[in-house]
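**Student:**
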Amino acid sequence: MQALKYARATSIDDAVRMLREGGDTARALAGGTDVIVQARERRRVIDLFVDIKHIPDLMALEYDPRRGLRVGAAVPLYQIYGNADVQRVYPALRAATHVIGGKAIQGRATLGGNLGNSSPAADSIPAMMALDGIAEIAGPGGRREVHVDVFCTGPGRNVLEPGEFIVALRFPQPGAHSGQAWERFIPRNEMDIAVVNAACALTLSGETVSAARIAIGAVAPTTIMVPAAAEALVGRRLSDETVAAAGAAAKATATPIDDMRGTVRQRKHLADVLVQRVIRAAAERARAN
Ligand SMILES: Cc1cc2nc3c(=O)[nH]c(=O)nc-3n(C[C@H](O)[C@H](O)[C@H](O)COP(=O)(O)OP(=O)(O)OC[C@H]3O[C@@H](n4cnc5c(N)ncnc54)[C@H](O)[C@@H]3O)c2cc1C
Numbered sequence: 003m004q005a006l007k008y009a010r011a012t013s014i015d016d017a018v019r020m021l022r023e024g025g026d027t028a029r030a031l032a033g034g035t036d037v038i039v040q041a042r043e044r045r046r047v048i049d050l051f052v053d054i055k056h057i058p059d060l061m062a063l064e065y066d067p068r069r070g071l072r073v074g075a076a077v078p079l080y081q082i083y084g085n086a087d088v089q090r091v092y093p094a095l096r097a098a099t100h101v102i103g104g105k106a107i108q109g110r111a112t113l114g115g116n117l118g119n120s121s122p123a124a125d126s127i128p129a130m131m132a133l134d135g136i137a138e139i140a141g142p143g144g145r146r147e148v149h150v151d152v153f154c155t156g157p158g159r160n161v162l163e164p165g166e167f168i169v170a171l172r173f174p175q176p177g178a179h180s181g182q183a184w185e186r187f188i189p190r191n192e193m194d195i196a197v198v199n200a201a202c203a204l205t206l207s208g209e210t211v212s213a214a215r216i217a218i219g220a221v222a223p224t225t226i227m228v229p230a231a232a233e234a235l236v237g238r239r240l241s242d243e244t245v246a247a248a249g250a251a252a253k254a255t256a257t258p259i260d261d262m263r264g265t266v267r268q269r270k271h272l273a274d275v276l277v278q279r280v281i282r283a284a285a286e287r288a289r290a291n
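Sequence positions in the sequence shown follow my numbering and run 3 to 291.
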């Protein structure tokens, strides 16, 4: 572990100032489940951690049926998947947050950290993208908002400028007859990095799909939206053929690599299978809503 300084921010302005003064080697510290490991293994040069878990706005989770859900970037995962409104209205987010690490990790880890770490295999990112999540960002230049689907720019890279950090993630209220689902494939039952993960949010008008958002992870340098999969569904009746066409579109869009967790061929196959599964599961929920 490298020697480093620790500072506790108690307000957003405090954190902005500390990160700005700390320069390139200062990092936001949320749960620390990624960044402390990276510092210990010297995979990142860090000499200041700015702890953002004592900023009230970053620790708040609010739901309102008109405005939707707002999750402070430092709210621990167990509070997200344990929230009754998240369970009822945002089951894709519940499912993704429920499987990240084990119980000990979920007591610390956060959505802001999962997004800030910007791994192509991060489990919450496909769910946040399918739900059309928005990241509220604070920094030396003031506040701005970035849609989660354009937040990550490469493995471990994102749109944050020096001194900026995520304050909260916002998710719109799903409309009537909407449903959503999230799935991943891992070789073991828990504590593993996804070989592929996928999420879908869709709206039905009768049995015709009127809107769809589909995202897949671990098949490209960042989690990606698959507009071709959504196009295969929207305006069409949900049938085995349309679902299969969406799965095929995901398979064609995926550009994975071979690594210790999976091959290109397996990952492309999984993109197809998981996208078909999340569409069917989302449609099932949409019929019930
Ligand atoms: C045993 C184990 C199992 C794991 N299992 C999974 C898994 O199944 N799925 C999965 O996706 N991940 C998994 N992870 C990785 C990790 O737990 C998650 O990525 C977690 O969500 C990170 O959140 P954190 O709050 O701990 O982030 P931190 O480690 O505090 O931060 C991660 C990065 O994001 C930055 N950051 C943190 N908060 C913000 C913010 N508000 N604004 C801007 N940048 C920020 C930090 O500076 C750092 O660069 C696992 C890790 C461990 C150790």
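Built from N, CA and C at the ideal position, the CB exists for glycine as well. All figures in this text were calculated on a predicted structure; none of them were measured in a lab.
Do the region 5 to 18 and the region 53 to 60 make contact, defined as three or more Cβ pairs closer than 8 Å?
**Tutor:** Contact holds: three or more Cβ-Cβ distances are below 8 Å.
**Student:** Could you check whether L117 and V77 sit closer than 8 Å to each other, using their CB atoms as the reference points?
**Tutor:** Stepping through the sequence shown from its first residue, residue 77 is reached at position 75. Stepping through the sequence shown from its first residue, residue 117 is reached at position 115. Contact: no.
**Student:** Are the CB atoms of L162 and V73 nearer to each other than 8 Å?
**Tutor:** Residue 162 sits at position 160 when you count from the first residue of the sequence shown. Residue 73 sits at position 71 when you count from the first residue of the sequence shown. No, the Cβ-Cβ distance between L162 and V73 is not below 8 Å.
**Student:** What are the residues that DSSP puts in a beta bridge with F51?
**Tutor:** Position 49 of the sequence shown, counting from 1, holds the residue named residue 51. Looking at the DSSP assignment, F51 forms a beta bridge with Y8, R29.
**Student:** I want to know whether the region 270 to 288 touches the region 245 to 258 - three or more CB-CB distances under 8 Å.
**Tutor:** Touching, yes, given that three or more Cβ pairs across the two stretches are closer than 8 Å.
**Student:** Below 8 Å between beta carbons: does that hold for L60 and Y92?
**Tutor:** For the purposes of this step, residue 60 is taken as residue 58 along the sequence shown, with counting starting at 1. For the purposes of this step, residue 92 is taken as residue 90 along the sequence shown, with counting starting at 1. No. Outside cutoff.
**Student:** Bridge partners of F153, per DSSP?
**Tutor:** Looking up residue 153 in the sequence shown gives position 151. Beta-bridge pairing links F153 to no other residue.
**Student:** Can you list, in chain order, the residues of its chain whose CB lies under 8 Å from that of P174, leaving out five sequence neighbours each side?
**Tutor:** As a first step, residue 174 must be located in the sequence shown, where it is residue number 172. Contacts found: G70, L133, D134.
**Student:** On the three-pair Cβ rule with 8 Å, is the region 183 to 199 touching the region 83 to 98?
**Tutor:** Counting Cβ pairs under 8 Å, three or more are found: they touch.
**Student:** Would Q81 pass as a contact of L63 if the rule is Cβ separation under 8 Å?
**Tutor:** For the purposes of this step, residue 81 is identified with residue 79 of the sequence shown, where counting begins at 1. For the purposes of this step, residue 63 is identified with residue 61 of the sequence shown, where counting begins at 1. Yes, they are a contact pair.
**Student:** For E233 and D242, I'd like the C-alpha separation in whole angstroms.
**Tutor:** Translated into positions along the sequence shown, residue 233 becomes position 231. Translated into positions along the sequence shown, residue 242 becomes position 240. Computed Cα separation, rounded: 15 Å.
**Student:** Please work out which residues of its chain come closer than 8 Å, Cβ to Cβ, to V148, disregarding the five sequence neighbours upstream and downstream, and give them in chain order.
**Tutor:** Residue numbering aside, residue 148 sits at position 146 when the sequence shown is read from its first letter. Closer than 8 Å at Cβ, skipping near neighbours: I136, A137, I139, V161.
**Student:** Could you tell me the alpha carbon to alpha carbon distance between A86 and M130, rounded to whole angstroms?
**Tutor:** Taking the first residue of the sequence shown as position 1, residue 86 is located at position 84. Taking the first residue of the sequence shown as position 1, residue 130 is located at position 128. For A86 and M130, the distance between alpha carbons rounds to 18 Å.
**Student:** What residue does the alpha helix (DSSP H) around T255 start on, and which one ends it?
**Tutor:** Residue mapping note: residue 255 aligns to position 253 of the sequence shown, counting from 1. First-last of the alpha helix (DSSP H) with T255: 242 to 255.
**Student:** Since I139 sits in a beta bridge, which residues does DSSP pair it with?
**Tutor:** In the sequence shown, the residue the question calls residue 139 occupies position 137. DSSP lists R146, I168 as partners of I139.
**Student:** I'd like the span of the alpha helix (DSSP H) that includes A283, first residue to last.
**Tutor:** Counted from its first residue, the sequence shown places residue 283 at position 281. Segment 266 to 290, the alpha helix (DSSP H) holding A283.
**Student:** When you compare the CB positions of I168 and G114, do they come within less than 8 Å of one another, or not?
**Tutor:** For the purposes of this step, residue 168 is taken as the residue at position 166 of the sequence shown. For the purposes of this step, residue 114 is taken as the residue at position 112 of the sequence shown. Yes; because the gap between Cβ atoms is below 8 Å, this pair is in contact.
**Student:** Roughly how many whole angstroms lie between the Cα atoms of A214 and V221?
**Tutor:** One-based indexing of the sequence shown puts residue 214 at position 212. One-based indexing of the sequence shown puts residue 221 at position 219. Looking at the two C-alpha atoms, the distance is approximately 20 Å.
**Student:** Quick check on P176: buried or exposed, where buried means 16 or more other Cβ atoms within 10 Å of its Cβ?
**Tutor:** Numbered from 1 along the sequence shown, position 174 holds the residue referred to as residue 176. Per the 10 Å Cβ criterion, buried.
**Student:** Indicate, with yes or no, if ligand 1 has a heavy atom lying under 7 Å from the CB of L145.
**Tutor:** Counted from its first residue, the sequence shown places residue 145 at position 143. Sequence inspection shows Arg at residue 145; the Leu mentioned does not correspond to that position. For ligand 1, not one heavy atom lies less than 7 Å from the Cβ of R145.
**Student:** Can L79 and F51 be called in contact, C-beta distance under 8 Å?
**Tutor:** Stepping through the sequence shown from its first residue, residue 79 is reached at position 77. Stepping through the sequence shown from its first residue, residue 51 is reached at position 49. In this structure, F51 does not lie closer than 8 Å to L79 by Cβ.
**Student:** Between M130 and chain D, is the shortest Cβ-Cβ distance under 8 Å, so that the two count as touching?
**Tutor:** Among the chains in the structure shown there is no chain D, since it carries only a single protein chain.
**Student:** Any heavy atom of ligand 1 closer than 7 Å to the beta-carbon of G118?
**Tutor:** As a first step, residue 118 must be located in the sequence shown, where it is residue number 116. For ligand 1, at least one heavy atom lies less than 7 Å from the Cβ of G118.
**Student:** From A75 to Y83, what distance separates their C-alpha atoms?
**Tutor:** By 1-based counting over the sequence shown, the position of residue 75 is 73. By 1-based counting over the sequence shown, the position of residue 83 is 81. Approximately 14 Å, taken between the alpha carbons.
**Student:** Spatial neighbours of I195 within its chain, please: C-beta separation below 6 Å, excluding the five flanking residues on both sides.
**Tutor:** Your numbering for residue 195 matches position 193 in the sequence shown. Counting only Cβ-Cβ distances below 6 Å, and skipping sequence neighbours, we find A123.
**Student:** Tell me the DSSP secondary structure of T210 in three-state form.
**Tutor:** Within the sequence shown, numbered from 1, the residue matching residue 210 stands at position 208. It is a strand residue.
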